[in-house]
Amino acid sequence: MAATEAPPKKATGDGLLIINAGLFRSATKSMALAYRILGFKTHHGLLEEVAEIPWVSLEKAAEATWPSTPNARPRASFTREDWDELWGNKYDAVTDLASPFTLELISAYPNAKVVIVQRDFENWWPSFQTEILDRVMLQPMAAINGFLGLHLMGIPAVQAMRKIHFGFFGAKSHGEIRDRARSVYEAYYRDVRAMVPEERKLEYRIGDGWEPLCRFLGVDVPGVPFL
1 MAATEAPPKK ATGDGLLIIN AGLFRSATKS MALAYRILGF KTHHGLLEEV AEIPWVSLEK
61 AAEATWPSTP NARPRASFTR EDWDELWGNK YDAVTDLASP FTLELISAYP NAKVVIVQRD
121 FENWWPSFQT EILDRVMLQP MAAINGFLGL HLMGIPAVQA MRKIHFGFFG AKSHGEIRDR
181 ARSVYEAYYR DVRAMVPEER KLEYRIGDGW EPLCRFLGVD VPGVPFL
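So, in structure tokens, the structure goes:
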């Protein structure tokens with residue numbers, strides 16, 4: 001834990017309090033660190049211990065959410081109890097790995113506050129393609145192991161990440177994801193905004209600092225810089 005980071009509060013078991021609606025490569029690590037500094041127990045893939053990343057459960061969530069994703073096994077739709085088991089019972093806030101499931105989480109946790117973090121597509125796509133998509137699709141084992149440090153869990157990670165991304169983009173191939181990227185990206189943010197009432201959503205850009213985020217979450221502004 002960083003010296004500036006407040007001890008995370010224990011999750012109450014009442015479900016998620018904060019849903020960070022920002023896809024991979026949308027400052028998710030900075031946002032996760034901010035939530036932690038503010039005292040919220042927050043899940044972020046790169047900030048977790050290897051054993052804490054629930055790859056098998058994430059694969060099941062992908063199959064339940066997108067039954068047509070390649071190689072999906074038949075699953076019942078995830079219920080609130082399923083999302084609780086995955087994240088809601090253990091965390092107050094979720095970021096990167098949860099982001100493809102944002103719409104489902106908004107439905108499961110209707111009282112959660114939603115922080116929307118959107119980059120311009122032209123800036124987001126090259127970063128996402130290089131740092132996430134190509135690593136998952138083109139060199140899956142070596143790249144994901146190196147990226148996430150999953151030396152013993154590479155195969156579950158590859159399977160989960162592939163099913164999540166094929167499902168999220170409604171695609172069957174790497175090339176099809178590229179072709180659909182802009183429309184899916186824009187639809188994601190449009191749908192999030194449409195689902196959440198004004199009082200429960202915050203449009204946030206990195207650089208806005210602590211004040212709007214803390215005001216929205218109802219917490220004091222910390223005496224440390226925004227990371």
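Going left to right, the sequence shown walks through residues 1 to 227 as the numbering used here numbers them.
Ideal Cβ placement from N, Cα and C applies to all residues, glycine included.
Boundaries of the beta strand (DSSP E) harbouring Val115: 113-116, taken from the DSSP string. One Cα belongs to Lys29, the other to Leu47, and the distance between them is close to 8 Å.
Between Leu103 and Val221, the gap from beta carbon to beta carbon reaches 8 Å or more. Assigned with DSSP and collapsed to three states, Val56 falls in helix. If you draw a 10 Å sphere on the C-beta of Lys172, you find fewer than 16 other C-beta atoms in it, and that means exposed. Note that the segment 88-99 touches the segment 30-45; at least 3 beta-carbon pairs, one per stretch, sit closer than 8 Å. Excluding sequence positions up to five before and after Val56, its CB lies within less than 8 Å of the CB of Pro156, Ala160, all in the same chain and listed in chain order. Between the segment 173-182 and the segment 117-133 there are three or more C-beta pairs closer than 8 Å, enough to call the two in contact.
The C-alpha of Leu138 is placed about 34 Å away from the C-alpha of Met195. Less than 8 Å separates the beta-carbon of Ala112 from that of Ile19. Within the DSSP secondary-structure output, Asn20 pairs in a beta bridge with Val115. The three-state secondary structure of Thr42, taken from DSSP, is strand. Annotation for Leu17: Phe40, Asp92, Ala93, Ala112, Lys113 place their beta carbon closer than 7 Å to its own, counting only its chain and skipping 5 residues before and after.
Taking 8 Å as the cut-off, the beta carbon of Leu213 is found closer than this to the beta carbon of Ala34.
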